[in-house]
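First the structure, in the form of structure tokens, and then the observations on it.
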Amino acid sequence: MPPVKVRALELGLKVHQPASFRSSQAQAELASLKPDVIVVAAYGKLLPPAVLDAAPHGCLNLHPSLLPSYRGPSPVSSAIVDGLEETGVTLMLLDEGMDTGPVIARRTCPVLSDDTAETLTASLFKLGSELLLECLEPWVEGRLTAEPQDHSAATVTRKLERNDGLADWNLPAAALWRRQRAYTPWPGLFTNWQGRVLKLLEVEALSDAFAVGGGPPGLVVALDVENGAPDGPGKHGPVGVITCDSVLVLKTLQLEGRRPLKADEFLRGHRDFMGSQL
5 MPPVKVRALE
15 LGLKVHQPAS
25 FRSSQAQAEL
35 ASLKPDVIVV
45 AAYGKLLPPA
55 VLDAAPHGCL
65 NLHPSLLPSY
75 RGPSPVSSAI
85 VDGLEETGVT
95 LMLLDEGMDT
105 GPVIARRTCP
115 VLSDDTAETL
125 TASLFKLGSE
135 LLLECLEPWV
145 EGRLTAEPQD
155 HSAATVTRKL
165 ERNDGLADWN
175 LPAAALWRRQ
185 RAYTPWPGLF
195 TNWQGRVLKL
205 LEVEALSDAF
215 AVGGGPPGLV
225 VALDVENGAP
235 DGPGKHGPVG
245 VITCDSVLVL
255 KTLQLEGRRP
265 LKADEFLRGH
275 RDFMGSQL
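Here it is, written out as structure tokens:
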């Protein structure tokens, strides 16, 4: 049961959970409730016209981006991958398209440097719930209007796949660091070592100012714990991987079938990891 259903049952509310709204039975059941307005959040499917027209004040949707930017199924992860410093949540009136309906209200939200898709999603939907409560009554009373989106400015995200999390060492270190945050909790950032999946649970990008000092992308190198980068200033973990422009510090790793380990502990148990080509 999703958390909303659990809480509704605790409050003694009746819950309907149809497998799909495509069936005429599910549509009739919804219509029998005579809803004034319908609220949709993180549903993930397009609603048929019979559902969109079931309530006189329409179906309202909370979408975790500032529409028309980042339509589609992965707006939060995409915002982190793209390095946005600010995103937001949109309250919109659903139509038959994918996140194409007119906008009722937007609220901005900063993307913090340590935000993951998990933490940012939580922040956005907390903000969205506040926005919904603020707008619901004036919307039903006709004191708010919905403005059409500028479809020419739209961007569309795609559904994430597991292979998105495979580290490409030809990318800049900062891009890999953003991917690790964007793909937490799924699919995560990972690489392959000795025929096994190695999850990179905590990483950090060193500054471009650090000279890599030779070696191909994907080479595992030792870092000076006190001085950080290879012979450079700063304090980081003991191991990193060369990228196209710098070094990605590995802080916490998890080998397939094993528990997560801090980098120094992982190295004690896998001394042949240093100098590996990933």
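Each number in the working numbering comes from the position in the sequence shown (counting from 1) with 4 added on. Glycine included, C-beta positions come from ideal geometry on N, C-alpha and C.
Could you check how far apart the C-beta atoms of R110 and L131 are, in whole angstroms? I think they sit under 8 Å. Reading the sequence shown from its first residue, position 106 is the one you call residue 110. Reading the sequence shown from its first residue, position 127 is the one you call residue 131. That pair is no contact at about 10 Å.
When you compare the CB positions of L223 and G279, do they come within less than 9 Å of one another, or not? Taking the first residue of the sequence shown as 1, we reach residue 223 at position 219. Taking the first residue of the sequence shown as 1, we reach residue 279 at position 275. Yes; because the gap between Cβ atoms is below 9 Å, this pair is in contact.
DSSP-derived helix/strand/coil call for A226: Here residue 226 refers to the residue found at position 222 of the sequence shown. Strand, per DSSP.
What first and last residue would you give for the beta strand (DSSP E) that runs through P114? Within the sequence shown, the letter at position 110 stands for residue 114. It spans 107-114 - the beta strand (DSSP E) in which P114 sits, taken as one unbroken run.
Where does E206 land, buried or exposed, given buried means 16+ other C-beta within 10 angstroms? Working through the sequence shown from its first residue, we reach residue 206 at position 202. With 16 or more other Cβ atoms within 10 Å, it is buried.
Closer than 7 Å by C-beta to C139: which residues in its own chain qualify, once you throw out the five before and the five after it? Chain order, please. For this step, residue 139 is matched to residue 135 along the sequence shown. These residues qualify, in order along the chain: L95, I108, A109, L148.
Return the residue from the list P52, V43, A121, S28 that minimises the CA-CA distance to S69. Taking the sequence shown and counting its residues from 1, the one referred to as residue 69 is at position 65. Checking every option, the nearest Cα to that of S69 belongs to A121.
Alpha carbon to alpha carbon, what distance is there between L135 and P142? The residue you call residue 142 lines up with position 138 of the sequence shown. The residue you call residue 135 lines up with position 131 of the sequence shown. One C-alpha to the other measures close to 12 Å.
If you compare alpha carbons, which of P106, L202, Q198 is closest to P191? Against the sequence shown, residue 191 aligns to sequence position 187. When each option's Cα is compared against that of P191, the closest is L202.
Among L128, P220, G273, nearest to P79 - alpha-carbon criterion: In the sequence shown, the residue the question calls residue 79 occupies position 75. Nearest of L128, P220, G273 to P79, Cα basis: L128.
I want to know whether the stretch 35-45 touches the stretch 56-67 - three or more CB-CB distances under 8 Å. Because the criterion of three Cβ pairs below 8 Å is met, the stretch 35-45 and the stretch 56-67 touch.
According to DSSP, simplified to helix, strand and coil, what is K266? Residue mapping note: residue 266 aligns to position 262 of the sequence shown, counting from 1. Looking at K266 - three-state DSSP - the assignment turns out to be strand.
Rounded to whole angstroms, what's the CA-CA distance from L13 to Q21? Just pull it up for me. By one-based count along the sequence shown, residue 13 stands at place 9. By one-based count along the sequence shown, residue 21 stands at place 17. Rounded to the nearest angstrom, the two C-alpha atoms are 12 Å apart.
Straight-line gap, P6 to R75 (C-alpha atoms, nearest Å): The sequence position of residue 6 within the sequence shown is 2, counting from 1. The sequence position of residue 75 within the sequence shown is 71, counting from 1. In this structure, the straight-line span from the alpha carbon of P6 to that of R75 is close to 24 Å.
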